[in-house]
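Residue numbers (numbering that gives the first Met the number 0), protein chains in the order written: chain V, 0 to 111; chain W, 0 to 111.
Contents: one structure, followed by commentary.
There are 2 protein chains.
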Amino acid sequence: MAMPHPLPDPLVERIAERFRALGEPLRIRIVEHLMAGEATVQDLTQALGTSQQNISKHLRVLANASIVGRRRDGSFAYYRIVDAGVTQLCEQVCGTVQQEVAELSAAIRGRR
Amino acid sequence: MAMPHPLPDPLVERIAERFRALGEPLRIRIVEHLMAGEATVQDLTQALGTSQQNISKHLRVLANASIVGRRRDGSFAYYRIVDAGVTQLCEQVCGTVQQEVAELSAAIRGRR
DNA sequence: CAACTTAACTACCGATCGGTTGTATGGTTG
DNA sequence: CAACCATACAACCGATCGGTAGTTAAGTTG
Chain V
0 MAMPHPLPDP LVERIAERFR ALGEPLRIRI VEHLMAGEAT VQDLTQALGT
50 SQQNISKHLR VLANASIVGR RRDGSFAYYR IVDAGVTQLC EQVCGTVQQE
100 VAELSAAIRG RR
Chain W
0 MAMPHPLPDP LVERIAERFR ALGEPLRIRI VEHLMAGEAT VQDLTQALGT
50 SQQNISKHLR VLANASIVGR RRDGSFAYYR IVDAGVTQLC EQVCGTVQQE
100 VAELSAAIRG RR
């Protein structure tokens, strides 16, 4: 896809919004959890050890960034990842960070 | 690279930090600018229309996230992108956002 | 149907954090 | 010294996080 330069302001703002949505540990956890498949608010609340309201709020941020989607079934709301690229994104950043950690620990080992 | 589940807390925090570093329009602009090659603080200040202090501060955030690196030559400090993955990252998110925009405008065209 | 329970969403509050601007200071280089 | 950069601080503003509480919607029970 062609990338205009400089990027128009609204596009930059939208890009920043997407990154910001992934810039909170709890939301990373939510995405990590949803990678295994759909989950209800309740599932996430129990798995991540915080309040249901808090999860709801973070899910809304992720939904506004078009990262997750909702499906209603009865009294439950099922959330899932709708942006296929996010998985790739997380894995890539995770890989970079892990490599960083590996280099750090290697440096520490080499130092002593 | 293998991905442990659940991810250890410090790793999640570090991942979030990297995303957060890219969650600011001005920093996206800086990265966009650096994709064309090295630049001094002065270059960025003039190109992005803000203060030198502000640029310096944002560069530090990017440096702490291991996204950019410094090189000193004379009295100038040259910044460059050191995390090769960031280019990919930005292009991917940019692509997703552009696709989103395309779908939106298509929907608007179809509606009238 | 009425009463209750459960699941989820929303609104508000206080605290904290981040971004911007401005000023000032210190360090380094030529 | 002059130019360039980094850092620190204050002030202001807006955004965000977590919690409390209230609301809505769906399911369940009598």
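Backbone N, C-alpha and C fix where the C-beta goes; we use that ideal spot for every residue, glycine too.
How is the beta strand (DSSP E) around residue i delimited, first residue to last?
i       : result
V/Asp72 : Val67 to Asp72
Go ahead and pull the three-state DSSP assignment for residue i.
i        : result
V/Ala46  : helix
W/Ala64  : coil
V/Ala35  : coil
W/Ala106 : helix
V/Arg111 : Legend: pLDDT at V/Arg111 = 49, less than 50; position of this residue unreliable, value from coordinates given subsequently. DSSP places V/Arg111 in coil when its eight states are reduced to three.
What does residue i touch in chain W if you count any residue whose Cβ is under 7 Å from its own?
i        : result
V/Val11  : Pro24, Ile27 and Arg28
V/Thr95  : Asp82 and Gly84
V/Ser112 : Examination of residue 112 of chain V is not possible in this model, given that chain V is present from 0 through 111 alone.
Where do the ends of the alpha helix (DSSP H) carrying residue i lie?
i       : result
V/Val11 : Asp8 to Ala20
Report the neighbours of residue i on chain V: residues whose CB is nearer than 8 Å to its CB, in chain order.
i        : result
W/Val92  : Ile14, Arg17, Phe18, Gly84 and Leu88
W/Glu102 : Under the 8 Å cutoff, chain V gives no residues; its nearest Cβ is about 10 Å from W/Glu102.
W/Leu43  : Those within 8 Å of W/Leu43 in chain V number zero; the least Cβ separation is about 13 Å.
Which chain W residues are close to residue i, counting only those with a beta carbon under 9 Å from its beta carbon?
i       : result
V/Leu6  : Ile27, Arg28, Glu31 and Cys93
V/Leu61 : Those within 9 Å of V/Leu61 in chain W number zero; the least Cβ separation is about 12 Å.
Name, please, each residue of chain V whose Cβ falls closer than 9 Å to the Cβ of residue i.
i       : result
W/Leu58 : Within chain V, no residue comes near W/Leu58; the closest Cβ sits about 17 Å away, beyond 9 Å.
**Message:** Between the region 79-87 of chain V and the region 9-22 of chain W, can you find at least three pairs of beta-carbon atoms closer than 8 Å?
**Reply:** The region 9-22 of chain W vs the region 79-87 of chain V: no contact.
**Message:** Under 8 Å: do the region 35-52 of chain W and the region 14-29 of chain V share three or more Cβ pairs, one atom per stretch?
**Reply:** Taking 8 Å as the limit for Cβ pairs, the verdict is that the region 14-29 of chain V does not touch the region 35-52 of chain W.
**Request:** Count the CB pairs spanning the region 49-62 of chain V and the region 24-36 of chain V that are closer than 8 Å, and state whether there are at least three.
**Result:** They touch, by the three-pair rule.
**Prompt:** Hey, is the region 77-84 of chain V in contact with the region 97-110 of chain V, meaning 3+ C-beta pairs nearer than 8 Å?
**Reply:** Note that the region 77-84 of chain V does not touch the region 97-110 of chain V; fewer than 3 beta-carbon pairs, one per stretch, sit closer than 8 Å.
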